[in-house]
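Those protein sequences? They're chains R and X, same order as listed. The opening residue of the first sequence carries number 1011 in my numbering; numbering runs sequentially from there. The opening residue of the second sequence carries number 6 in my numbering; numbering runs sequentially from there. Taking it in order: structure first as structure tokens, then the write-up.
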Amino acid sequence: MKILVPIKRVPDPQTNISVKGDGTGIVTDNVKFVINPFCEIALEEALRIKESQGGAEVVLVSIGQKVAQEQLRTGLAMGADRATILVLAEEIDSSTTANVLAKLVAQESPDLVLLGKQAIDDDANQTGQILAALLDWPQGTFASKVEFSGDKKEITVTREVDGGLETVAFALPGIVTTDLRLNEPRYASLPGIMKARKKELKEIPLAELGVDAAPRVKTHKLSPPPKRAAGRKVETVQELVNLLHTEAKLI
Amino acid sequence: MAKVLVYIEHAHGKLLKSSLVAIRAGQEISKKGGGDVTALVLGSGVDAIASEVAGHGVQSVVALDDARVKDYVADLHAKAVAHVAKDKGATWVIAAATAAGKDFMPRVAHHLDAGMASDITAFNDDGSITRPTYAGNVLATVSIETPVKVATVRTTAFEPAAKEGSASVEKAALPAELTSKMRFVSFAETKSDRPALGDASIVVSGGRGLKSGENFTTYLEPLVDALGAAMGASRAAVDAGFVPNDLQVGQTGKVVAPQLYVAVGISGAIQHLAGMKDSKVIVAINKDGDAPIFSVADYGLVADLFKAVPEMTDEVKKLKAS
């Protein structure tokens, strides 16, 4: 079995994000970059499948600036087998990302593409679904549980949806996108980090793939959201309930 | 001329409020560009829903009634919506950013060769769109560059469409060649007598400060029920395994904007604030007076929640009884 895991480099989710004065981007000075947390969950799931299914090849891919090599190295240290970086200077939208990934899927022929449900920078939540539609593959998004049939040809995905858990099944190849509760990603071990240095990390200029990178969605400006003013502190529960009753008129 | 197709989501024979929000968003587009709004109801036995939608300010309703779309699977659903969109010459396809909307709408965008904007909060006068990014810390102004445009709308950003008019309902058929590679297995509903998190006028959420799942039951739930509220939780509480993920309020969970939001033992991480800061009135109860949650709270109480919450439950009960 071969599993492809796309990895996106994003600002650490614990970072306070601020917008540049001219609205062209976010301030990146002193910002630590990490693997998108949902991508990390996807990678962890791929590694668990590899371990429990008696072998699988886990291939990482990142699209973007060359510095994303750092995140791919981290992924290799966690246990992925090899990685490819598709180098591109400008930002691309979800549909272009899916188009690029589809080219790589054609080259690699994976049985499963495991992605994070969304990247915590643009919060679009589209790439996995567009990729699935492009390939005419089935999808199990927002997965909280992934199980294989005995012959490993079919996959059952439990999904966290509004008001409950939905379960879908489909034959591979297919797409799974991961939600928060699927697993808890491991840390890279020291031997893992040593081994990762020798693993293949291939670099392909995006132009070689022949994808039209013209964005379907253009970003014109970023701005900070309006600030909500802090209210007041109350001293006692009685005072609080009283205010909610008489002033806010909500109870 | 904007021809807007709005996808109507329903469950257990009931129209969801989020669908009315999607209609409102569609109305905004058609008002700005001139045009009309068509509502699309998919499913099996959808006549009643279709008639109900027809009375909510749309110009027409398409009902696609077919046993093959009784149970939701993303691929066939997307093909069916795209089929109707092409048939009607839609220039916009809109759905609420619910779990289903997020799941199948990107596929619709692909079938229509369209650009898609997710989770949008405003249509601006200059034709641009506003949507939150970076867990709500940044608002992006974007435009969709393709002739057909697809969007999901944030359910707290628009009012539900009002009752207005009565449109005609037209039947549509699902072409036989549209098939699915997916199999619906089951839906395990989370049973609750409480209002749904997204619809409730009062939400009480607990955080890591509750310390355990048992404490959610012992301390938080009595307050939730005394207020007739929905229960929510911070991501930290979900990560710690206190409560299931469908209670999570935040950028990676549900975005809510009730009349009253009570945050108990929640410090106020950026990603949590993104999910509730548009609530009308926010109450924070936390023992750490420096917690960031107080910077957005209308009423802040610095107190030990294990004392304050039972006290508040009693006070609320007393007030309601009087």
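Every residue, glycine too, gets a C-beta built ideally from N, C-alpha and C.
With H, G and I counted as helix, E and B as strand and the rest as coil, what does DSSP make of residue i?
{"i": "R:M1011", "result": "coil"}
{"i": "R:I1203", "result": "helix"}
{"i": "R:G1126", "result": "strand"}
{"i": "R:V1097", "result": "strand"}
{"i": "R:H1230", "result": "strand"}
{"i": "R:V1037", "result": "coil"}
{"i": "X:E301", "result": "The sequence given here places Val at residue 301 of chain X; Glu does not occur at that position. Reduced to three states, the DSSP call for X:V301 is coil."}
{"i": "X:S217", "result": "coil"}
{"i": "X:A313", "result": "helix"}
{"i": "R:A1181", "result": "strand"}
{"i": "X:I125", "result": "strand"}
{"i": "R:K980", "result": "The displayed coordinates of chain R run from 1011 to 1261. Any statement about residue 980 of chain R would go beyond what the structure contains."}
{"i": "X:E175", "result": "strand"}
{"i": "X:G120", "result": "strand"}
{"i": "R:G1085", "result": "helix"}
{"i": "X:Q64", "result": "coil"}
{"i": "R:I1051", "result": "helix"}
{"i": "R:T1137", "result": "helix"}
{"i": "X:K154", "result": "strand"}
{"i": "X:A79", "result": "helix"}
Using CA atoms only, rank isn't needed, just tell me which of the options is closest to residue i.
{"i": "X:I290", "options": "X:Y224, X:P249, X:G246 and X:Q253", "result": "X:Y224"}
{"i": "R:G1241", "options": "X:K282, X:A234 and X:D198", "result": "X:K282"}
{"i": "R:K1228", "options": "X:A90, X:T135 and X:A7", "result": "X:T135"}
{"i": "R:L1057", "options": "R:S1104, R:N1193 and R:Q1075", "result": "R:N1193"}
{"i": "X:A238", "options": "X:G280, X:S49 and X:D230", "result": "X:G280"}
{"i": "R:T1177", "options": "R:K1113, R:L1200 and R:F1152", "result": "R:F1152"}
{"i": "R:L1182", "options": "R:E1055, R:S1119, R:A1112 and R:K1042", "result": "R:S1119"}
{"i": "X:P180", "options": "X:V86, X:V286, X:K19 and X:A59", "result": "X:V86"}
{"i": "X:G132", "options": "X:H277, X:G62 and X:M6", "result": "X:M6"}
{"i": "X:V66", "options": "X:V46, X:V78 and X:P111", "result": "X:V46"}
{"i": "R:E1213", "options": "R:Q1063, R:R1083 and R:G1065", "result": "R:R1083"}
{"i": "R:I1130", "options": "R:K1018, R:E1245 and R:E1257", "result": "R:K1018"}
{"i": "R:V1191", "options": "X:V58, X:T184, X:H116 and X:Q253", "result": "The residue asked about is misnamed: residue 1191 of chain R is Arg in this sequence, not Val. Nearest option by C-alpha distance: X:Q253."}
{"i": "X:A234", "options": "X:V301, X:V267 and X:E219", "result": "X:V267"}
{"i": "R:A1099", "options": "R:D1121, R:S1199, R:Q1075 and R:P1201", "result": "R:Q1075"}
{"i": "R:I1102", "options": "R:Q1136, R:Q1117, R:A1093 and R:Q1079", "result": "R:Q1136"}
{"i": "R:R1169", "options": "X:G203, X:A119 and X:K107", "result": "X:K107"}
{"i": "R:Q1128", "options": "R:D1121, R:E1210 and R:I1140", "result": "R:I1140"}
Taking residue i as the query, report the chain X residues whose CB atoms sit under 7 Å from its CB, ordered along the chain.
{"i": "R:A1134", "result": "S123"}
{"i": "R:R1238", "result": "K282 and V301"}
{"i": "R:K1113", "result": "Going along chain X, no residue has its Cβ under 7 Å from R:K1113, so there is no contact; the nearest lies around 15 Å."}
{"i": "R:L1144", "result": "H115"}
{"i": "R:L1175", "result": "A193"}
{"i": "R:K1228", "result": "V147, S148 and E150"}
So which residues on chain R does residue i lean against when the C-beta distance must stay under 8 Å?
{"i": "X:V143", "result": "I1027, V1029, I1036, L1232, S1233, P1234 and P1235"}
{"i": "X:A127", "result": "What X:A127 touches in chain R: nothing, since even the nearest Cβ is about 12 Å away."}
Tell me residue i's beta-bridge partners as DSSP assigns them.
{"i": "X:N291", "result": "X:V307"}
{"i": "X:K8", "result": "X:D41"}
{"i": "X:D1", "result": "The displayed coordinates of chain X run from 6 to 327. Any statement about residue 1 of chain X would go beyond what the structure contains."}
{"i": "R:P1215", "result": "R:V1097"}
{"i": "X:L144", "result": "R:S1233 and X:P137"}
{"i": "X:H17", "result": "For X:H17, which the question treats as bridged, DSSP gives no partner whatsoever."}
Below 7 Å, is the gap between the Cβ of residue i and the nearest heavy atom of the ligand SAM?
{"i": "X:S210", "result": "Although the ligand SAM was asked about, the structure shown includes no ligands whatsoever."}
Residues of chain R with CB under 9 Å from residue i, in chain order?
{"i": "X:K107", "result": "K1127, Q1128, N1135, Q1136, Q1139, T1151 and F1152"}
{"i": "X:L265", "result": "L1254, A1258, L1260 and I1261"}
Using a C-beta to C-beta distance shorter than 8 Å, which residues of chain X count as neighbours of residue i?
{"i": "R:V1247", "result": "L306, A308, A313, E316, M317 and E320"}
{"i": "R:S1105", "result": "A114, H115, G120 and M121"}
{"i": "R:T1166", "result": "V190"}
Just the chain R side, please: which residues come within less than 7 Å of residue i by C-beta, in chain order?
{"i": "X:Q256", "result": "D1133"}
{"i": "X:F189", "result": "V1178"}
Kindly list, in the order they appear in chain X, the residues whose Cβ is closer than 9 Å to that of residue i.
{"i": "R:L1190", "result": "R240, V243, D244, N250, Q253, T257 and G258"}
Practice task
Flag this pair as touching only if the segment 22-41 of chain X and the segment 101-115 of chain X have three or more C-beta atom pairs under 8 Å; answer yes or no.
Solution key: yes
Problem - contact_flag[the segment 300-319 of chain X, the segment 242-259 of chain X] where n(CB pairs < 8 Å) is 3 or more - result: no
Handout entry: Segment contact flag, the segment 1031-1039 of chain R with the segment 1179-1188 of chain R, C-beta cutoff 8 Å, min 3 pairs
Key = no
Problem - Sufficient close CB pairs (3 or more, under 8 Å) joining the segment 150-162 of chain X to the segment 46-53 of chain X - result: no
Problem - the segment 1098-1112 of chain R touching the segment 1066-1075 of chain R, judged by at least three CB pairs closer than 8 Å - result: yes
Handout entry: the segment 112-127 of chain X contacting the segment 1156-1165 of chain R, beta-carbon criterion three pairs below 8 Å
Key = no
Practice task
For the segment 1247-1254 of chain R and the segment 82-97 of chain X, state whether three or more C-beta atom pairs, one from each stretch, are separated by less than 8 Å.
Solution key: Contact annotation: the segment 1247-1254 of chain R does not touch the segment 82-97 of chain X, with fewer than three C-beta pairs closer than 8 Å.
Handout entry: the segment 140-151 of chain X contacting the segment 6-19 of chain X, beta-carbon criterion three pairs below 8 Å
Key = Contact fails: fewer than three Cβ-Cβ distances are below 8 Å.
Handout entry: Touch test, the segment 1200-1212 of chain R against the segment 1087-1096 of chain R, Cβ-Cβ under 8 Å, three pairs minimum
Key = Touching, yes.
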